[in-house]
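> Going by full-length UniProt numbering, the sequence shown opens with residue 1, and the numbers climb by one from there. First the structure, which I've put down as structure tokens, then a few questions once you've had a look.
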Amino acid sequence: MGREEGKSKILIFGGSGYLGNYMLRASLSMGHPTYAYLRPIKPNSDPSKLQLHHHFQSLGVTLFHGELDDHEKLVAVLRQVDVVISALAVPQHLLQLKIIDAIKEAGNIKRFVPSEFGNDVDRVSGLPPFQALLDNKKKIRRATEAAGIPHTYVSANSFAAYFVDYLLHPRENHDQVTIYGTGEAKAVLNYEEDVAAYTIKASTDPRACNRVIFYRPHLNIVSQLDLLSSWEKKTGRSFKRTYVSEDSIVKLSEILPYPDNIPVAILHNIFIKGDQLSFELTEEDLEASKLYPDYKYTSVDDLLDICLIIIQCAALPYPDNIPVAILHNIFIKGDQLSFELTEEDLEASKLYPDYKYTSVDDLLDICLVNPPKPKLAAFS
1 MGREEGKSKI LIFGGSGYLG NYMLRASLSM GHPTYAYLRP IKPNSDPSKL QLHHHFQSLG
61 VTLFHGELDD HEKLVAVLRQ VDVVISALAV PQHLLQLKII DAIKEAGNIK RFVPSEFGND
121 VDRVSGLPPF QALLDNKKKI RRATEAAGIP HTYVSANSFA AYFVDYLLHP RENHDQVTIY
181 GTGEAKAVLN YEEDVAAYTI KASTDPRACN RVIFYRPHLN IVSQLDLLSS WEKKTGRSFK
241 RTYVSEDSIV KLSEILPYPD NIPVAILHNI FIKGDQLSFE LTEEDLEASK LYPDYKYTSV
301 DDLLDICLII IQCAALPYPD NIPVAILHNI FIKGDQLSFE LTEEDLEASK LYPDYKYTSV
361 DDLLDICLVN PPKPKLAAFS
């Protein structure tokens with residue numbers, strides 16, 4: 001399993017969840033045979049769940065259906081793959097102990113990436129509700145190590161799309177924004193697509209074996225006030241700031257019932273305490289944007305631009321909104337090159353090598369002499 005050579009069979013737990021969906025797409029886009037272990041569809045299951053499973057299959061994902069306590073089924077599935085990535089949600093974190101037991105018995109897994117994707121659990125601490133979550137993740141780390149399983153721990157800090165929506169509510173028509181604490185503490189906001197892409201890369205990279213990999217690109221280090229200021233400049237609007245004190249957040253974490261107290265404790269840790277940047281990375285630490293310098297990540301500023309375009313697109317009537325959405329997909333998201341072609345795919349210029357196609361450079365030469373008329377009919 002080389003750094004970039006060859007492909008690995010990647011199995012993802014929690015593939016139907018928020019982050020797991022990104023993981024499946026990232027794995028497929030890099031050409032890895034991709035598998036998902038999902039709960040069985042039952043007669044009373046939500047129809048949307050069945051549709052989602054069919055969608056995964058249409059993308060090329062191989063589905064295994066089973067429960068996490070079905071040890072024999074887990075072992076049988078694991079023996080068919082190389083890499084295991086868990087994107088299980090918080091309530092299921094300790095169920096990963098069952099996955100670890102199965103990996104140990106299977107004996108063939110080259111890498112296990114447990115469900116973390118937040119702060120480095122061995123370097124930070126939090127209010128009791130958040131600390132309990134961190135402690136569960138520590139248990140998974142220690143169990144993985146005790147079992148002698150090759151692993152990569154991912155400290156992805158914060159999900160950018162989630163927190164931009166949570167902090168700014170960009171799709172809502174409002175003039176007020178809540179600031180937690182002073183708003184000056186720095187955090188690291190990484191776009192979910194990038195978190196998934198970096199994770200897939202690291203899961204097959206020998207350099208990341210038995211290591212923690214941090215996602216801390218310098219363009220994604222921002223405070224709440226930085227974020228709001230950038231949004232005001234882009235939108236040309238001013239927002240009233242309503243501050244919630246640290247004491248109020250701490251009090252809420254104490255009086256709210258479980259699990260409502262967890263998000264409050266997380267807000268305190270990230271945006272008031274600033275724990276994600278409470279320690280410096282050393283030369284011994286792995287940082288994703290430096291480990292994979294050729295990968296173009298989405299900066300926070302880029303993400304705000306995407307939000308702005310989506311808002312503008314939503315405001316336009318049909319069919320005027322279609323070209324805007326296409327521009328976003330092609331020139332901002334870069335979706336046309338978001339996946340690699342495999343040996344099974346047909347590429348026209350290789351299939352018909354004798355045909356002389358018009359290159360972009362040729363087309364620019366044509367434009368100098370006889371510019372083609374813009375084609376608008378497709379959108380009307």
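In this text, a Cβ means the ideal position worked out from N, Cα and C, and glycines have one as well. The structure presented is a predicted model; accordingly, all values stated were derived computationally and were not measured.
Should A377 go down as buried or exposed, given a rule of 16 or more other Cβ atoms within 10 Å for buried?
Position 377 of the sequence shown, counted from the start, is the residue given in the question as residue 377. Confidence at A377 is low in this model, with a pLDDT of 48, below 50, so the placement of that residue should be treated as unreliable; the coordinate-derived value is given next. Under this definition A377 is an exposed residue.
> How close, in whole Å, do the beta carbons of V121 and I99 come, if the pair is a contact with beta carbons under 8 Å?
Within the sequence shown, the letter at position 121 stands for residue 121. Within the sequence shown, the letter at position 99 stands for residue 99. Going by Cβ atoms, the distance from V121 to I99 rounds to 18 Å, so no, they are not a contact pair.
> Please report how far the alpha carbon of M1 lies from the alpha carbon of T204, in whole angstroms.
On the sequence shown, position 1 is the one that residue 1 refers to. On the sequence shown, position 204 is the one that residue 204 refers to. Bear in mind that the predicted position of M1 carries a pLDDT of just 39, short of 50, making it unreliable; the figure below should be weighed with that in mind. For M1 and T204, the distance between alpha carbons rounds to 7 Å.
> Among I311, S158 and H71, which has the Cα closest to the Cα of S223?
Indexing the sequence shown from 1 puts residue 223 at position 223. Among I311, S158 and H71, the Cα nearest to that of S223 belongs to S158.
> Could you give the DSSP three-state label for N190: helix, strand or coil?
In the sequence shown, residue 190 corresponds to position 190, counting from 1. DSSP places N190 in strand when its eight states are reduced to three.
> Let me know the secondary structure DSSP gives F112 once reduced to three states.
For the purposes of this step, residue 112 is taken as the residue at position 112 of the sequence shown. It is a strand residue.
> Quick one: grab the DSSP three-state call for Q80.
The residue labelled residue 80 in the question sits at position 80 within the sequence shown. The answer is coil: DSSP assigns Q80 none of H, G, I, E or B.
> Rounded to whole angstroms, what's the CA-CA distance from Y166 to S58? Just pull it up for me.
Taking the sequence shown and counting its residues from 1, the one referred to as residue 166 is at position 166. Taking the sequence shown and counting its residues from 1, the one referred to as residue 58 is at position 58. Taking the straight line from one Cα to the other gives about 32 Å.
> Tell me the DSSP secondary structure of N151 in three-state form.
Within the sequence shown, residue 151 is the residue found at index 151, counting from 1. Position check: residue 151 holds His in this sequence, whereas Asn was assumed. H151: strand per DSSP, three-state reduction.
> Which first and last residues belong to the alpha helix (DSSP H) in which A325 is found?
Here residue 325 is taken as the residue at index 325 of the sequence shown, counted from 1. Start and end: N321 to L327.
> Check E284 in the structure and name its three-state DSSP category.
The count along the sequence shown starts at 1 and reaches residue 284 at position 284. It is coil, neither helix nor strand.
> Would you call K273 buried or exposed, if buried means 16 or more other Cβ atoms sit within 10 Å of its Cβ?
Walking along the sequence shown from the start, residue 273 turns up at place 273. Label assigned to K273: buried.
> What are the start and end residues of the alpha helix (DSSP H) that includes S16?
For this step, residue 16 is matched to residue 16 along the sequence shown. Taken as a continuous stretch (DSSP letters only), S16 belongs to no alpha helix (DSSP H), as it is neither H nor E.
> From which residue to which residue does the beta strand (DSSP E) around A36 run?
Residue numbering aside, residue 36 sits at position 36 when the sequence shown is read from its first letter. Where A36 is concerned, the enclosing beta strand (DSSP E) stretches over T34 to L38.
> Would you kindly report the start and end of the unbroken beta strand (DSSP E) that includes S223?
Within the sequence shown, residue 223 is the residue found at index 223, counting from 1. Here the beta strand (DSSP E) through S223 covers I221 to S223.
> Can you tell which of G14, L303, E67 and P47 has the C-alpha that lies nearest to the C-alpha of E193?
As a working mapping, residue 193 is identified with position 193 in the sequence shown. Closest by alpha carbon: L303.
> Helix, strand or coil: which one does DSSP assign to T235?
The residue you call residue 235 lines up with position 235 of the sequence shown. T235: helix per DSSP, three-state reduction.
> Might you give, ordered along the chain, the residues of its own chain that have their beta carbon closer than 6 Å to the beta carbon of N136, omitting 5 neighbours on each side?
In the sequence shown, residue 136 corresponds to position 136, counting from 1. Once the five neighbours on either side are set aside, the close Cβ partners of N136 are H93 and L94.
> Using the Cβ count rule (16 or more neighbours within 10 Å means buried), how would you classify F56?
To locate residue 56, count along the sequence shown from 1; it is residue 56. Buried, because 16 or more other Cβ atoms sit within 10 Å of the Cβ of F56.
> Which of helix, strand or coil does DSSP assign to V177?
Residue mapping note: residue 177 aligns to position 177 of the sequence shown, counting from 1. If DSSP states are grouped into helix, strand and coil, V177 belongs with the strands.
> Along the chain, which unbroken stretches of the beta strand (DSSP E) at least 3 residues long are found entirely within the region 87-149?
You should have 111-113.
> Which whole-angstrom value describes the C-beta separation of L38 and S16, a residue pair presumed to lie in contact below a C-beta threshold of 8 Å?
On the sequence shown, residue 38 is found 38 positions in, with the first residue counted as 1. On the sequence shown, residue 16 is found 16 positions in, with the first residue counted as 1. About 6 Å; that satisfies the 8 Å criterion.
> Measuring alpha carbon to alpha carbon, tell me which residue in V90, E184, L52 and S86 is nearest A132.
Start at 1 with the first residue of the sequence shown, and residue 132 comes out as number 132. Of the candidates V90, E184, L52 and S86, the one whose C-alpha sits nearest the C-alpha of A132 is V90.
> Beta strand (DSSP E) containing F64: first to last residue?
Locating residue 64 in the sequence shown gives position 64, where the first residue counts as 1. From DSSP, the beta strand (DSSP E) with F64 extends over T62 to H65.
> Pull up the distance between the alpha-carbon of D365 and that of N329, whole angstroms please.
Within the sequence shown, numbered from 1, the residue matching residue 365 stands at position 365. Within the sequence shown, numbered from 1, the residue matching residue 329 stands at position 329. Whole-angstrom Cα-Cα distance: 27 Å.
> Report yes if the CB atom of A196 is closer than 8 Å to the CB atom of R79, and no otherwise.
Counted from its first residue, the sequence shown places residue 196 at position 196. Counted from its first residue, the sequence shown places residue 79 at position 79. No, these two residues do not count as a Cβ contact at 8 Å.
> E4: buried (16+ other C-beta within 10 angstroms of its C-beta) or exposed?
The count along the sequence shown starts at 1 and reaches residue 4 at position 4. For E4, the pLDDT reaches just 41, beneath the cut-off of 50, and the residue's location in the model is therefore unreliable, although a value from the coordinates is still provided. Burial call: exposed.
> Of the residues S29, Y22, Y18 and M23, which one's Cα is nearest the Cα of Q336?
Locating residue 336 in the sequence shown gives position 336, counting from the first residue. Cα-wise, what sits closest to Q336 is S29.
> Can the beta-carbon of A75 be found closer than 8 Å to that of A102?
In the sequence shown, the residue the question calls residue 75 occupies position 75. In the sequence shown, the residue the question calls residue 102 occupies position 102. Checking the sequence, you will find Val at residue 75 rather than Ala. Yes, the pair counts as a contact, with Cβ atoms nearer than the cut-off.
> Just verifying my parser: in three-state terms, what is the DSSP assignment at K290?
Position 290 of the sequence shown, counted from the start, is the residue given in the question as residue 290. In the structure shown, K290 sits in a helix (DSSP, three-state: H, G or I).
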